[in-house]
Amino acid sequence: MASVAWPASAAASLPRRVVSLNPCLDAILVRLAPRHQIAAISHFSRISQQSNIYSLAQTLPITHETAEEIVSLRPDLVLSSQHSSRATRNALTRLGIAVELFGVPQTIEESLEQVDRIGALTGHAGRASALRSEITRHIERSRIQPNDRRLKAVLFQPNGFAAGQGTLMSEMMEIAGFDNVAGRYGVGKWGNLSLEHLIANPPEVLLSGAGSQGARSWAERIMLHPALHSISHRMAQVEFPEKLIYCGGPVLIDTATALVRARQQALEALQ
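Position in the sequence shown counted from 1, then plus 884, gives you this note's numbering.
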């Protein structure tokens, strides 16, 4: 990729040490910034079930979001989310450390804007533009044709967690040919879907998480419940990784690919 030429004054003002406190921001940062510019990422990125950069995260410093450890890293820019500790953000601001706050994107466009913003903040606008184009291409490849069959679907993750209308996940589902019907079970933007309601009125497709070996808790075992198998003649249950429901940015590349695969599997099961 061609390097971006920066005026001397601009280059001098670019952050040399960046800390990210959120796994979704981590995923963007590691695609845009070189290794030497990343002072640390969130410890959440080292949780295999939820991380989209798990292997890479093992090679990078992490923080547990305390002001003390972040200050010790001597960052000149901290990327924070609404879910990050407000006390930590306030402490860093009082110490004169630049903290940029990011919301949770509700649409694809909002997610792409975060890519652009992190690119601008870190001095990698060119890389951000290229990443935006790459994400957009993969999303468009997942888009079904107007006459293709649409499938009524629900996301069903640990503890029955589901994404409703008005979410980034729902928009991705709709593009890939799934009509998100979580609302008919009382789910707003996000919520938990009871197994009883699901069995009583199953959708065509259940985009289900994959329980870890040994199913560590009821939250995971619910996705493998025998009652779901009992309605397999009425509903296709296809795997959709839990880690893809939380983040946008470059994660949408894998999300789009997984949705295409899930739709193909569902259509084969419903024949």
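No residue lacks a Cβ here, since even glycine has one placed at the ideal position from N, Cα and C.
These numbers were taken from a predicted model, which means no experiment stands behind them.
Can you tell me the Cα-Cα spacing of methionine 1056 and alanine 1140, whole angstroms? Position 172 of the sequence shown, counted from the first residue, corresponds to residue 1056. Position 256 of the sequence shown, counted from the first residue, corresponds to residue 1140. Going by the C-alpha atoms only, they are around 7 Å apart.
Reduced DSSP secondary structure (H/G/I, E/B, other) of valine 1071: In the sequence shown, counting from the first residue as 1, residue 1071 sits at position 187. Correct three-state label for valine 1071: coil.
For a test of the three-state rule: what should DSSP assign to asparagine 1064, helix, strand or coil? Reading the sequence shown from its first residue, position 180 is the one you call residue 1064. Asparagine 1064 falls in the strand class under three-state DSSP.
Going along the chain, which residues of its own chain have a beta-carbon closer than 6 Å to the beta-carbon of serine 964, five neighbours each way excluded? Position 80 of the sequence shown, counted from the start, is the residue given in the question as residue 964. Excluding sequence neighbours, serine 964 sits near Leu905, Arg973, Val983 and Leu985.
Let me know the secondary structure DSSP gives leucine 1052 once reduced to three states. As a first step, residue 1052 must be located in the sequence shown, where it is residue number 168. Helix at leucine 1052.
By DSSP's criteria, threonine 947 is part of a beta bridge. Which residues make up the other side? As a first step, residue 947 is located in the sequence shown; it is residue number 63 there, counting from the start. DSSP lists Ser926 as partners of threonine 947.
Spatial neighbours of alanine 1111 within its chain, please: C-beta separation below 8 Å, excluding the five flanking residues on both sides. For the purposes of this step, residue 1111 is taken as the residue at position 227 of the sequence shown. Excluding sequence neighbours, alanine 1111 sits near Leu1079 and Ile1083.
What three-state label does DSSP hand asparagine 1076 in the structure shown? Here residue 1076 refers to the residue found at position 192 when the sequence shown is read from its first residue. Three-state result, asparagine 1076: strand.
Whole-angstrom C-beta distance between isoleucine 937 and serine 929, which should lie under 8 Å: Here residue 929 corresponds to residue number 45 of the sequence shown, with the count starting at 1. Here residue 937 corresponds to residue number 53 of the sequence shown, with the count starting at 1. Indeed they touch by this definition, with Cβ atoms about 5 Å apart.
Just reading off the beta strand (DSSP E) that alanine 883 is part of, what are its end residues? Here the chain covers residues 885 to 1155 and nothing more, so residue 883 does not appear.
Secondary structure of alanine 1046, DSSP reduced to three states: Residue numbering aside, residue 1046 sits at position 162 when the sequence shown is read from its first letter. Here alanine 1046 sits in strand by DSSP.
Could you tell me which residues DSSP puts in a beta bridge with serine 964? Taking the first residue of the sequence shown as position 1, residue 964 is located at position 80. According to DSSP, which records beta bridges pairwise, serine 964 is partnered with Leu985.
Which of the three DSSP states is assigned to serine 932 in this structure? Mapped onto the sequence shown, residue 932 falls at position 48. Coil, per DSSP.
Taking the C-alpha atoms as reference points, what is the distance between glycine 1072 and proline 959? Mapped onto the sequence shown, residue 1072 falls at position 188. Mapped onto the sequence shown, residue 959 falls at position 75. Approximately 38 Å, taken between the alpha carbons.
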